[in-house]
Amino acid sequence: MQVMGGMLNQSVGVREVQAWWARVWLMFWWLAVQTILCPVYQGNLVAVLTVPVFPPLLRTIQDVVDSNLIPSMNDYGSFVPEALKTSKNPTLATLGERLYLEPLTPPDTLGSLFRQAMEGTYIIIVTVDYLIFYQHKGGLTHSTYILEDKIYKSYMSWFLPLHTPYTTIISHHLSRLLETGVLAALYKQHLGSLFVSDNTQVRGDGVLNLSHLQGAFILLVLGVGVALLVLLLERLINTPSSPATLTSSSTH
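For the sequence shown, this note's numbering gives the first residue as 85, with consecutive numbering after it.
The structure is reproduced here in structure tokens:
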């Protein structure tokens, strides 16, 4: 109570304000500034100063090159390392020069690289489908993300058992679905949530803005609206009825 009393204490004498609209304005001003704006701003300021700032998300391969992360992949004889080093694209060439090749150690081929990635030092280069599989296998879907920007595009393939009947018919219809874009739409819909998107919000600037304070003002408007509604109901319920006019007649 003492703290609230100090917050609501004003140096302006209310009796000095004669106009009723000025008193109403002062009431809303003191309520908004003293009890809403200042505490909410101080609370958000404490949160910004105490909560660690997260690094911004990487969205493109150029972001990877500009960062301090080490690109890495397993050394399983892929053409990717040599293709990156000899690429005419300066971004890909720089990526190839910094590429670290981890010796292949089955069965946990990506275990060491993922541990380094979780520590914030490495970024892993591997096919998207295998990354998705390893994310789900290790329960890392909420702590890691996959760049939507790709180094190279691969072909979509179907593997059928040996001596599968009607292979020609199945391949024809699958190819038609691929050509019409149906498979691409289903694939994007199924895997879209696993990639970083433009709607992903990461607190990396540490700057307070109006969006941090809008919740308190929404509650203020709702509270004032409810109070006005209650006041209106009280006025309607407790309005005294007009007294009846009594007439009397006298006979002489």
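Cβ atoms here follow ideal geometry from the backbone N, Cα and C, with glycine treated the same way. Since this is a predicted model, take the numbers as computed values, not measurements.
(request) Indicate whether at least one CB of chain C lies closer than 7 Å to the CB of F243. (result) No chain C appears in this structure, which consists of one protein chain only.
(request) Let me know if S259 comes out buried or exposed under the rule of 16 or more other beta-carbons within 10 Å of its beta-carbon. (result) exposed
(request) Using the DSSP secondary-structure output, state which residues sit across from S156 in a beta bridge. (result) Y184 and I208
(request) Output the boundary residues of the alpha helix (DSSP H) element that contains M240. (result) It is not in any alpha helix (DSSP H) - M240 carries neither H nor E in the DSSP assignment.
(message) DSSP three-state label for I302, please.
(response) helix
(request) Verify whether the separation of the beta carbon atoms of D233 and T144 is less than 7 Å. (result) yes
(message) Would you call the segment 169-183 in contact with the segment 194-203, where contact means no fewer than 3 C-beta pairs closer than 8 Å?
(response) no
(request) Report the residue from I120, V108 and F112 whose alpha carbon sits nearest the alpha carbon of Q298. (result) I120
(request) Please confirm if the segment 208-226 is in contact with the segment 178-198, defined as three or more CB-CB distances below 8 Å between the two stretches. (result) yes
(message) Relative to the C-alpha of D192, which candidate in E166, S171, V164 and G222 has its C-alpha closest?
(response) G222
(message) Please classify M157 as buried or exposed, where buried requires at least 16 neighbouring CB atoms within 10 angstroms.
(response) buried
(message) Within 10 Å of its beta-carbon, does K308 have 16 or more other beta-carbons around it, so buried, or fewer, so exposed?
(response) A small correction: the amino acid at residue 308 is Val; Lys does not occupy that position in the sequence shown. With fewer than 16 other Cβ atoms within 10 Å, it is exposed.
(request) Quick one: using the 10 Å Cβ neighbour count with 16 as the cut-off for buried, is F364 buried or exposed? (result) Any answer about residue 364 is impossible in this case: the structure gives the chain only from 85 up to 336.
(request) May I have the straight-line CA-CA distance separating D159 from Q219, to the nearest angstrom? (result) 20 Å
(request) Hey, could you find the ends of the alpha helix (DSSP H) G195 is sitting in? (result) G195 to M202
(request) Report buried or exposed for L231, applying the criterion of at least 16 other Cβ atoms within 10 angstroms of its Cβ. (result) buried
(request) Take the Cβ of L317 as the centre, count every other Cβ of all protein chains shown within 10 Å, and call the residue buried at 16 or more, exposed below. (result) exposed
(message) Alpha carbons only, please: which of Y236, L315 and V266 is nearest the one belonging to S171?
(response) Y236
(request) Just mark V108 as buried or exposed, buried being the case when its beta carbon has 16 or more other beta carbons within 10 Å. (result) exposed
(request) Pick helix, strand or coil for Q102, following the three-state DSSP scheme. (result) coil
(message) Quick check: V148 and L141, are their CB atoms within less than 7 Å of each other?
(response) no
(request) Return the chain-ordered list of same chain residues with a C-beta closer than 6 Å to the C-beta of A131, the five sequence neighbours on each side being excluded. (result) none
(message) So, for Q102: in the same chain, excluding its five sequence neighbours on each side, which residues have a beta-carbon less than 7 Å away from its beta-carbon?
(response) none
(message) To the nearest angstrom, how far is the alpha carbon of S151 from that of E263?
(response) 38 Å
(message) Which of the three DSSP states is assigned to G223 in this structure?
(response) coil
(message) Tell me the DSSP secondary structure of N322 in three-state form.
(response) coil
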